[in-house]
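Undergrad: Have a look at the structure that comes next, please.
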Amino acid sequence: APSTRPAFLIERRGLPRADLATLAKDGYHLLRTTTWTRLVALLFAAYLVINLLVGALLWAGDATILNARPHSFWDRFYFSVETMATIGFGNMAPGDTLSHVVVTVESFVGVLYAALVTGIVFGKFATPTPKVMFSDRCVVADEDGVPTLMFRCANARATAIVEANVRVALTRNEVLPHGERARRIYDLTLRRTTSPLFVLSWTVFHPIDATSPLYGLTAADLARESANLIVTFTGIDDKLASTVHTRHLYAASQIVFGRRFVDILGDDPATGARFIDYRRFHDTTEAPVTLPEATA
2 APSTRPAFLI ERRGLPRADL ATLAKDGYHL LRTTTWTRLV ALLFAAYLVI
52 NLLVGALLWA GDATILNARP HSFWDRFYFS VETMATIGFG NMAPGDTLSH
102 VVVTVESFVG VLYAALVTGI VFGKFATPTP KVMFSDRCVV ADEDGVPTLM
152 FRCANARATA IVEANVRVAL TRNEVLPHGE RARRIYDLTL RRTTSPLFVL
202 SWTVFHPIDA TSPLYGLTAA DLARESANLI VTFTGIDDKL ASTVHTRHLY
252 AASQIVFGRR FVDILGDDPA TGARFIDYRR FHDTTEAPVT LPEATA
């Protein structure tokens, strides 16, 4: 049976395995894109490792630390923590050449580590991200006598997105004349691609006419070709004045024929105010659809 898994989620084989050199070259990107929980855990683990290594060096070298217990590893570890964090309680202090050299190097490493952590954390905070909801499926129904692909998106934040732009591309498997399999990408022509002020919701329409890559295709055809719809959304955050972007992927199993979205706009009978009901954002109802036969 054809897979309902989005073809975007595909295994990558034959690439070099990630090693320390690869992680070092791409480490900044990995740290910037990882989750906050994982980032904090990694930074704290690195902080502990550095101090454990310094403490072990001071302990193995029998360095003299004033007011520290003789041969105590943990006293030297805590001395390293106080040095790297520039706490300086004034109790323990280096007492010989080895400890002074280690403190000199560690203080420099501490400055670099603090700068690295500050840059990564600031970068994650400073990167604006939109909070855009997408309908959990695409629907196909007749609009003005033409079968039309539709999906909904909504701004889930109170701030507006200006100059919002949406693009949709169809990807599907095809067999070339000489037998080679290829993944083809086709841009879909939308009824409207921009919104000057994206505040509430936006229904995106693609007419399935004779020029559409979807012309004559059925749900079974899309599943057989492992078709996906890739939606990209860009705009400018009204408050931050920064470009934001997001994407969404619809698998063939999420393209439903003969349905349309229910209306989510209404008027409050008590106040007369207009409202939008996000509880019905994903709801659909039956609708007629006329699919033409694909021409040879």
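The numbering of the sequence shown is our numbering, which starts it at 2 and goes up by one. No residue lacks a Cβ here, since even glycine has one placed at the ideal position from N, Cα and C. Since this is a predicted model, take the numbers as computed values, not measurements.
1. Quick one: Cα of aspartate 264 to Cα of threonine 285, how far?
2. List the residues that DSSP assigns as beta-bridge partners of proline 95.
3. If you pair each beta-carbon of the stretch 116 to 124 with each one of the stretch 191 to 201, do three or more pairs fall below 8 angstroms?
4. Tell me the start and end of each unbroken alpha helix (DSSP H) in the stretch 199 to 229 that is at least 4 residues and wholly inside, in chain order.
5. Are the Cβ atoms of leucine 177 and leucine 215 separated by less than 8 angstroms?
6. Going by alpha carbons, who is nearest to proline 71 out of Leu59, Val82 and Ser81?
7. Can you tell me whether glycine 111 is helix, strand or coil according to DSSP?
8. Can the beta-carbon of valine 106 be found less than 8 angstroms from the beta-carbon of phenylalanine 152?
9. Scan the stretch 238 to 282 and note each continuous beta strand (DSSP E) run of 3 residues or more that stays entirely inside, going in chain order.
10. Leucine 230 and cysteine 139 look like a contact to me (Cβ under 8 angstroms); what is the Cβ gap, rounded to whole Å?
11. Since valine 163 is in the beta strand (DSSP E), which residue starts that stretch and which ends it?
12. Rounded to the nearest angstrom, what separates threonine 65 and asparagine 52 at their Cα positions?
TA: For this structure:
1. Here residue 264 refers to the residue found at position 263 of the sequence shown. Here residue 285 refers to the residue found at position 284 of the sequence shown. Answer to the nearest angstrom: the Cα atoms are 9 angstroms apart.
2. Against the sequence shown, residue 95 aligns to sequence position 94. DSSP, once it has assigned bridges, lists Ile66 as partnering proline 95.
3. no
4. 220 to 225
5. Working through the sequence shown from its first residue, we reach residue 177 at position 176. Working through the sequence shown from its first residue, we reach residue 215 at position 214. Result no, Cβ atoms of leucine 177 and leucine 215 do not sit closer than 8 angstroms.
6. Mapped onto the sequence shown, residue 71 falls at position 70. For proline 71, the nearest C-alpha among the options comes from Leu59.
7. Position 110 of the sequence shown, counted from the start, is the residue given in the question as residue 111. Note: glycine 111 maps to helix in three-state DSSP.
8. Sequence index remark: in the sequence shown, residue 106 carries index 105 (1-based). Sequence index remark: in the sequence shown, residue 152 carries index 151 (1-based). It is not a contact, given that the beta carbons lie outside the stated cut-off.
9. 244 to 252, 256 to 258, 260 to 262, 266 to 268 and 275 to 277
10. The count along the sequence shown starts at 1 and reaches residue 230 at position 229. The count along the sequence shown starts at 1 and reaches residue 139 at position 138. With 8 angstroms as the limit, leucine 230 and cysteine 139 qualify as a contact, their Cβ atoms being about 6 angstroms apart.
11. By 1-based counting over the sequence shown, the position of residue 163 is 162. Segment 162 to 176, the beta strand (DSSP E) holding valine 163.
12. Position 64 of the sequence shown, counting from 1, holds the residue named residue 65. Position 51 of the sequence shown, counting from 1, holds the residue named residue 52. Between threonine 65 and asparagine 52, the C-alpha separation is close to 17 angstroms.
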